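Its first residue numbered 0, the sequence shown is counted upward by one per residue in numbering that gives the first Met the number 0.
No residue lacks a Cβ here, since even glycine has one placed at the ideal position from N, Cα and C.
Bear in mind that the values here come from a model prediction, so they are computed numbers and not experimental data.
Some notes on the structure that comes next.
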Amino acid sequence: MKIMKFGGTSVGNPDRMRALIPLINDPDKKIVVLSAMSGTTNSLVEIAGLLYADKIDEASLKNEQLRAKYHQVVDELYATEKFKKSGHELIDSHFEYIRNFTLRVFTKLQEKAILSQGELISTSLFHMLMQENNIRAALLPALSFMRIDKDGEPDYFYIEENLKRELKKCPQENIIITQGFICRNAYGEIDNLKRGGSDFTASIIGAASRADEIQIWTDINGFHNNDPRFVENTKVIRNISFDEAAELAYFGAKILHPSSVNPAREKNIPVRLKNTMEPEDIGTLITADCKWEDYKAVAAKDGISVLRIRSDRMLMAYGFLRKVFEIFEAYKTPIDMITTSEVSISLTVDNSEFINEIAKDLRELGGVEIEQNQSIICVVGDFRPERTGSAPEIFEALNTIPLKMISYGGSPYSLSLLIDTSNKVDALRQLSKHLFK
Ligand code: ASP
Ligand code: MG
């Protein structure tokens, strides 16, 4: 069995939805994971924001606009009156559900219920498209098997058991459609796997069902060796390891949600990145083995803040780092990059929600400086500790750009650098010139 996940743009309009039919309509058994139509989750987030702010009229207006857009989708998607009628009814039932939230006090729980509507609608519309085309397919509700625990992590035991049970209900169908992103939490309430989480859904399902392959379909041919939005002549990487892919996904390559590498790696299930616009292209294959190359790819992550802590108390002291880390832990803020000297530490975070509180607590330990608008550049390649002569080209490429931090030796697969975001595009272009000649 394979898992085929199609993102928001791949189901972004009626033509794109119809274009998926030839990709999935073959005798192989598959679970098709769909995102919401592109833009929908953002609109639902906006509606929830307006409800929080008690701007009921504005929320209703937005809701009606989105409803109207979907009625148009239905008109264009189906050929027959029968399916158009059912489609309109389906849309009305979902938007009435959202509208009902304007009548009560608004809570986080209700926000999650609103956000789940995007995937529920896209999968139902797509399932009906299958029926109209006389293609046998089952619609499997993700809320009946996908679940996170109290820490927000997938509850693999529950998922495996429940997915098995649900799959037994549709032994005849080769095409099984389900929602990405949405799940239940430990209390059985509707929740989600965080923005962009449909890739994660696909990987979790792939791991839980021991699939042969997990395919993530987007509109680019796979991982590129640099960011095609800023750099010309980037190349597709055909093979990459789970570890390398995790570094790239985490440090900026937008094509794959970083959490989605883990479940696949755990069960050693290959992940293939494919392009719906160019399905004959083989894409990028992510597997356990790693073919070392000096430089494989470069990616950048923006929105980084650096905190620099200086304290003479650190000199020859033990336990100092623990105190620093405990402060970040207290604010549930993960640290990305660290460098230390004898009396100072520099740390980066990508979530600056509590940065002022963290800085205040850190000041108990020493002097603290914060700098924002930073970017991490991650170079994936061969940085094994035993090799010599690694990385001179990186420093040659960046010799006109101030380097704020360098992290080398943390992983054999990557080297990361911190620079001002204003230098990012220049840095990416210089790196391509020097590393991928
Ligand atoms: N629809 C969700 C989002 O926009 C999940 C996803 O597309 O992966 O974040
Ligand atoms: Mg995505």
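Got a sec: does the ligand ASP put a non-hydrogen atom nearer than 7 Å to the Cβ of D74?
no
8 Å Cβ cutoff met for I174 and V31:
yes
Give the DSSP-derived three-state secondary structure of R135 in the structure shown.
coil
I want to check one thing, is the minimum distance from the CB of E437 to the heavy atoms of the ligand ASP below 7 Å?
Here the chain has residues from 0 to 436 only, and residue 437 is not among them.
Coarse secondary structure for R228, derived from DSSP in three states
coil
Whole-angstrom distance between D226 and S415, CA atom to CA atom
16 Å
Cutting at 8 Å between CB atoms, please list the residues of its own chain near D311, excluding the five before and the five after it.
V342 and G365
Please name the residue in Q109, T283 and S258 whose C-alpha comes closest to that of R183.
Q109
Three-state secondary structure (DSSP) at N184?
coil
Spatial neighbours of S259 within its chain, please: CB distance less than 6 Å, with the 5 preceding and 5 following residues excluded, ordered by chain position.
D198, F199 and S202
Taking the alpha carbon of D301 as the point to measure from, which residue in L124, S374 and K167 has its own alpha carbon closest?
S374
In the structure shown, what three-state DSSP assignment does S121 receive?
helix
Cβ shell of T122 (< 7 Å), same chain only, five flanking positions each side left out
L33, L138, I176, T177 and Q178
7 Å Cβ shell around Y249 - same chain, five flanking residues per side excluded
P257
Is M315 buried or exposed, if buried means 16 or more other CB atoms sit within 10 Å of its CB?
exposed
Is any heavy atom in the ligand ASP found nearer than 7 Å to the beta carbon of A35?
yes
As an exercise, report each continuous beta strand (DSSP E) stretch of at least 3 residues that is fully enclosed by the region 147 to 217, in chain order.
174 to 178, 181 to 183, 189 to 191 and 212 to 217
Does the distance between the C-beta of E118 and the nearest non-hydrogen atom of the ligand ASP fall short of 7 Å?
yes
Please specify which runs of the beta strand (DSSP E), each continuous and at least 3 residues long, are wholly inside the region 273 to 332, giving them in chain order.
283 to 286 and 294 to 309
Quick check: the Cα distance between S412 and V72, rounded to an integer number of angstroms?
Rather than Ser, the amino acid found at residue 412 in this sequence is Tyr. Cα to Cα, the separation comes out at about 45 Å.
Report the three-state DSSP secondary structure of N12 (helix, strand or coil).
coil
Taking all protein chains shown into account, do 16 or more other C-beta atoms lie within 10 angstroms of the C-beta of E325, making it buried, or fewer, making it exposed?
exposed
Limits of the unbroken alpha helix (DSSP H) element including E45:
T39 to Y51
Three-state class that DSSP yields for Y407 in the structure shown
strand
Cβ distance (whole Å) where I90 is taken to contact Y69 below 8 Å:
4 Å
Within the continuous beta strand (DSSP E) that includes V31, where are the two ends?
K29 to L33
DSSP three-state label for G86, please.
helix
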